[in-house]
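First residue of the sequence shown: 1262, per our numbering; consecutive thereafter.
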Amino acid sequence: MKRKIYCFFLVILSVSGVRAQENLGTYQIRVSLDRANWVYELNEPMKFTFAVTLNNTPVAGLPLKYSCGPEAMPPLVERTVTTTIEPLTISGGPMKEPGFYRCIASVEKDGRTYRGLATAGYRPDLIKPVVAEPKDFDAFWDSGKAQLSTIPLEPKLELMPGLGTSKVDVYHVSFQNVGTGFSRVSRIYGMLAVPKSTAPNQKFPALLRVPGAGVRPYTGQVAMAERGIITLEIGIHGMPVNLPQQVYDDLRAGSLNRYMFYNLDDREAYYYRRVFLGCLRANDFLTSLPQYDGKNLAVTGGSQGGALAIMVAALDSRLKGLSASYPAISDTSAFTVNRAGGWPATFRDQKMRTKEKIETASYYDTVNFARRVKVPGIYSWGFNDEVVPPTSSHAAYNVISAQKTLLLGLEMGHANSVEQTERINDWIVNLLKEGKAK
């Protein structure tokens, strides 16, 4: 009898366990367009389709919010509908002027918000920049480079054994740069990765990696160095790049918060003047290294770094090529004509739209450097980037007259896909080691 009761309880417990099981998953919201390349002619209608799934199964009965309109602008359409098993299709656009039209969909469930978006391009190849080109643009930067040339490099190198490999030595480095305010000089810091020689007096090409926005430490670009390229990864804030993370977190929340707006009403004192010239000084350092081959030099970066890469290519004739991903600081004044401008969206706020700020920004705008690029470049972004609007990236790309290749990861936001990154790295290696931009 006891054995029967024991077995009965085992059955009850096992059934209860099955009933207590929960299937937890992530809701997916897929927003798609009715054209594979997401590009449309002006005034051409198009359609968005929304599909909400859980565990790859359509979900019905959820409130789905969507908003649509030109990117980075107030939405023209806002609706809430209830999901069904069948996907929802709506008409979007059309646009009369070149640009991007975006639709964002979201669902709230159990205290979480799930989100998806897609962005249609209306003749992005015809986007023209809004930013003005100062008549003394070249004279301004020639003056800055002249000042830079009067400052001794005074490099310092410290071997970092913990960051190196059997094929690469890594050094924490610094060198002198122009200063700001009462300080005539400052320093630029970075991580230098140098391939170990396998033959006497072996020489290598060099690559400068310029940083995206923010405040952070760096460990060096070892993977590229292992492919036989000297790499220098710099910070821009004039401080060592190997400090504890808490130091950078404190600076990001404190004295370096919103650094990209510091002294924007004065072109000589603007925060980025020291930064831009410091990137050129980084090439002075790279080309001074005894391991450098003397002829093969490139620059790469994304976001803020994409802007810096284009700037370096425009102002430094030593370069053979560049890679720029989702370049920021591009056509920033476009917001003044109700069109998406580049990060950091300076003139989205009408209070920022003073004559002095708009004029200063034009000396630092990626578009005006892009006009001066003369070397081959590979460029990359996605249509779904909400940080650096593709409208602003195309505004710069379209004015480049040099050889150029554009890699579009349509669904990508503010990042490159693995495929884009691999293609870019291969392009750089081919350029620097084989002399071919392919």
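Virtual Cβ for every residue (Gly too), placed ideally from N, Cα, C. None of the values given here were measured: they were computed from a predicted structure.
Assess, as a yes-or-no matter, whether the stretch 1423-1435 is touched by the stretch 1616-1636 under the definition of 3 or more beta carbon pairs within less than 8 Å.
no
Considering only residues of the same chain and omitting the five flanking positions on each side of residue 1532, which have a CB-CB separation below 7 Å?
1520, 1521, 1523 and 1524
Residues near residue 1496 by beta carbon distance below 7 Å, same chain, minus five either side:
1450, 1451, 1472, 1479 and 1502, listed in sequence order.
Pick out the complete alpha helix (DSSP H) segments inside the stretch 1472-1552, 4 residues or longer, and give them in chain order.
1483-1486, 1506-1514 and 1532-1549
Which of the three DSSP states is assigned to residue 1273 in this structure?
Model confidence at residue 1273 stands at a pLDDT of 44, short of 50, so the residue's coordinates are unreliable and nothing is read from them.
Rounded to whole angstroms, what is the Cα-Cα separation between residue 1302 and residue 1661?
22 Å
N- and C-terminal bounds of the beta strand (DSSP E) containing residue 1368:
1360-1370
If we ignore side chains and look at the alpha-carbon of each, how far apart do residue 1560 and residue 1682 end up?
15 Å
Start-end ranges of the alpha helix (DSSP H) lying completely within the stretch 1552-1583, minimum 4 residues:
1565-1576
Taking only runs that begin and end inside the stretch 1637-1690, name each unbroken beta strand (DSSP E) of 3 or more residues, in chain order.
1638-1642 and 1665-1669
Identify every residue that forms a DSSP beta bridge with residue 1310.
1293 and 1350
Taking the C-alpha atoms as reference points, what is the distance between residue 1507 and residue 1314?
40 Å
Pick out whichever of 1429, 1438, 1477 and 1528 has its Cα sitting closest to the Cα of residue 1505.
1477
Contact check, residue 1308 vs residue 1351, beta carbons under 8 Å
yes
Report the CB separation of residue 1441 from residue 1568 in whole angstroms; it is logged as a contact under 8 Å.
Contact doesn't hold; Cβ gap of about 19 Å is too wide.
Residue environment, residue 1680, which counts as buried when at least 16 other CB atoms sit within 10 Å:
exposed
Could you compute how far the alpha carbon of residue 1622 sits from the alpha carbon of residue 1555?
Straight-line Cα distance between these residues: approximately 34 Å.
Residue 1380 and residue 1332 - do their beta-carbons sit closer together than 8 Å?
Between residue 1332 and residue 1380, the CB-CB gap stays under 8 Å.
For residue 1595 versus residue 1656, is the C-beta spacing smaller than 8 Å?
yes
According to the neighbour-count rule (16 or more other Cβ atoms, all chains shown, within 10 Å of its Cβ), is residue 1494 buried or exposed?
buried
Following the continuous beta strand (DSSP E) through residue 1695, name the residue where it begins and the one where it ends.
First-last for residue 1695: undefined, no H or E at that position.
Start and end of the beta strand (DSSP E) containing residue 1449?
1446-1456
Pull the bridge partners of residue 1437 from the DSSP assignment, please.
1448
Could you give the residue range of the alpha helix (DSSP H) that holds residue 1406?
1398-1410
Do the stretch 1633-1650 and the stretch 1545-1552 meet, that is, are 3 or more Cβ pairs less than 8 Å apart?
no
If I follow the unbroken alpha helix (DSSP H) through residue 1617, where does it start and stop?
1616-1623
Length at least 4, wholly inside the stretch 1314-1341: the alpha helix (DSSP H) runs in chain order
none
If the criterion is Cβ atoms closer than 8 Å, does the pair residue 1412 and residue 1446 meet it?
yes
Please report the straight-line C-alpha distance between residue 1273 and residue 1316, rounded to a whole angstrom.
Any reading at residue 1273 is ruled out, since the residue's pLDDT is 44, under 50, leaving its predicted position unreliable.
How long is the line joining the alpha carbons of residue 1470 and residue 1645, rounded to whole angstroms?
24 Å
Distance between residue 1370 and residue 1579 (C-alpha atoms, nearest Å):
55 Å
Which residue or residues does DSSP assign as beta-bridge partners of residue 1417?
Among the bridge pairs identified by DSSP, residue 1417 is matched with 1435.
Mark residue 1338 as exposed unless 16 or more other C-beta atoms lie within 10 angstroms of its C-beta, in which case mark it buried.
exposed
Can you say whether residue 1598 is buried or exposed, counting buried as having 16 or more other CB atoms within 10 angstroms of its CB?
exposed
Host alpha helix (DSSP H) of residue 1630 (start-end):
1627-1631
Is the Cβ-Cβ distance between residue 1385 and residue 1359 less than 8 Å?
yes
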